[in-house]
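Peer 1: Residue numbers (our numbering): 24 to 238. C-beta atoms are modelled at their ideal positions from N, C-alpha and C, and glycine is treated no differently.
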Amino acid sequence: MKVLVVGANGQIGKHIVKQLQNNDQHTVRAMVRKEEQAEELKKSGVDAVIANLEGSKNSIIKAAKGCEAVVFTAGSGGGTGPDKTLLVDLDGAVKTIEAAEEAGAERFVIVSALQANNRQNWNEKIRHYYAAKHYADRMLETSNMNYTIVRPGGLLNGEGTGKVNVAENLNERGSVPREDVAKTVIASLAEENTFKRGFDLISGDTAVADALKNL
Ligand SMILES: NC(=O)c1ccc[n+]([C@@H]2O[C@H](COP(=O)([O-])OP(=O)(O)OC[C@H]3O[C@@H](n4cnc5c(N)ncnc54)[C@H](OP(=O)(O)O)[C@@H]3O)[C@@H](O)[C@H]2O)c1
């Protein structure tokens, strides 16, 4: 599949782009918001397009044209206020879902967050963030696309182990290296067992491909 990665300059996004470059099944197009980011990607042979999640839906439709799948791994981050959480994590995600559908993509994988689906467990200090993730995921569930919602625990920068623990409801907290989140997102693209469902993701003892097969 040709895969549009939204949030391609992010920490998970960079892993996804790199892993897709070395993947036989898929090809990658990176969506970033700055000219210099696109130039850098093009230098390493990556098809890169520029669009801002706070910009028009049409610019995202244009970016997604010709892609069978879209991966959303963007986020406003902890350094900005709740206004950006609303505009990027919620409206940016929903705009991307609408744009992907209108551009003809069939598959959509979103990077959500552990417990986004359980309102009673939202972290008191960042309830607005969980609300944004929750409703973006719910909008994806009502789309006509074949979706997967990946809900990772706390993100780590260390090297991936390639081994994870996944379940529709893990009932435990945990963390996972960003490299393994990227691996799980990519493995989900063609794994039928992840179609039209969401799952929690933390580090574990099972190889990603096997973990998804047994989900
Ligand atoms: N932190 C955690 O523990 C945690 C846990 C679970 C899930 N998550 C989720 O994991 C995902 C990615 O995490 P990460 O660590 O890779 O985040 P990250 O490094 O902050 O990357 C986020 C990316 O989103 C891009 N972005 C922000 N606003 C944008 C806009 N208006 N238009 C286009 N792109 C925009 C950023 O672009 P620039 O590079 O240009 O700034 C950045 O590349 C997020 O969805 C986050 O909610 C995080």
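(1) According to the neighbour-count rule (16 or more other Cβ atoms, all chains shown, within 10 Å of its Cβ), is residue 48 buried or exposed?
(2) From this set, 65, 78, 87, 222, which residue's C-alpha is nearest residue 25's C-alpha?
(3) Mind checking who residue 35 pairs with in its DSSP beta bridge?
(4) Which same chain residues, not among the five before or five after residue 213, have their C-beta less than 7 Å away from its C-beta?
(5) Measuring only from the beta carbon, is residue 27 closer than 7 Å to any heavy atom that is part of ligand 1?
(6) Can you tell me whether residue 57 is helix, strand or coil according to DSSP?
(7) Use the C-beta contact count for residue 79: other C-beta atoms within 10 angstroms, 16 or more gives buried, fewer gives exposed.
(8) Say the cut is 7 Å; is the CB of residue 138 nearer than that to a heavy atom of ligand 1?
(9) Would the beta-carbon of residue 77 be found less than 7 Å away from any heavy atom of ligand 1?
(10) Check for me: the alpha helix (DSSP H) holding residue 81 runs from which residue to which?
(11) Going by C-alpha to C-alpha distance, which of 196, 64, 181 sits closest to residue 188?
(12) For residue 137 versus residue 223, is the C-beta spacing smaller than 8 Å?
Peer 2: In short:
(1) exposed
(2) 87
(3) None; residue 35 has no bridge partner.
(4) 48
(5) no
(6) coil
(7) exposed
(8) Answer for residue 138: no, Cβ out of range of ligand 1.
(9) yes
(10) 80-87
(11) Looking from the CA of residue 188, the closest CA among 196, 64, 181 belongs to 196.
(12) Against a cut-off of 8 Å, the Cβ pair of residue 223 and residue 137 comes out as a contact.
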